[in-house]
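Heads up, the sequence shown is in the working numbering, so the first residue is 3 and it goes up one at a time.
Written out below as structure tokens is the structure these notes cover.
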Amino acid sequence: MTTITLIGKPDCHLCDVASEIIDTVVAELPDSVAEQIEIETASIQDDPALYERWWEKIPVVLIDDALHAHWRVSADRLRQALEQAAVRDLRSGMGAAQ
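Below, the structure is given as structure tokens:
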């Protein structure tokens with residue numbers, strides 16, 4: 003399972019754009035890949051630790067808790083990262099089955 007976390011805040015235009023890009027990219031992936039992706043959102047207004055760490059960089063996109071992008075999200079770069087994560091997940095699943 004791959005987790006995408008979008009960190010932002012309400013009424014943030016760039017956060018809305020990032021959310022649309024994430025939704026579009028995931029929707030365009032093959033079903034077998036998209037089904038293994040969980041999208042979470044977090045607001046810097048609800049979490050002081052997130053605010054302290056990310057307030058000047060939102061929107062922030064994490065993939066499996068690792069920083070993927072901030073300020074602007076590239077659909078092509080996100081797609082590539084998610085495809086690579088799917089391959090890693092597949093390989094680790096195959097190793098566990100052996």
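C-beta atoms are modelled at their ideal positions from N, C-alpha and C, and glycine is treated no differently.
Quick one: give me the first and last residue of the alpha helix (DSSP H) that residue i is part of.
i: residue 22; result: 15-30
i: residue 35; result: 33-36
i: residue 54; result: 50-56
In chain order, what residues of the same chain have a beta carbon less than 6 Å from the beta carbon of residue i, not counting five sequence neighbours either side?
i: residue 29; result: none
i: residue 59; result: 72
i: residue 86; result: none
i: residue 100; result: Summary for residue 100: the model assigns pLDDT 46, below 50, so the residue's position carries little reliability; its value from the coordinates is reported in the next sentence. Excluding sequence neighbours, residue 100 sits near nothing in its chain.
Apart from the five residues just before and just after residue i, which ones in its own chain have a Cβ nearer than 8 Å to its Cβ?
i: residue 27; result: 77, 80, 81 and 84
i: residue 36; result: 28 and 29
i: residue 45; result: 9, 10, 11, 12 and 52
i: residue 40; result: 3, 4, 5 and 6
i: residue 17; result: 8, 10, 11, 60 and 61
i: residue 47; result: 11, 12 and 53
Which stretch, first to last residue, makes up the beta strand (DSSP E) that contains residue i?
i: residue 60; result: Element bounds for residue 60: n/a, residue is neither H nor E.
i: residue 9; result: 4-10
i: residue 39; result: 39-45
Using CA coordinates, which residue listed in the options is at the minimum distance from residue i?
i: residue 89; options: 34, 69 and 67; result: 34
i: residue 67; options: 48, 57 and 43; result: 43
Whether or not the stretch 18-35 and the stretch 74-83 are in contact is what I'm after, with contact meaning three or more pairs of Cβ atoms, one per stretch, closer than 8 Å; do they touch? yes
Which complete alpha helix (DSSP H) runs does the stretch 62-97 hold, if anything under 4 residues is left out? none
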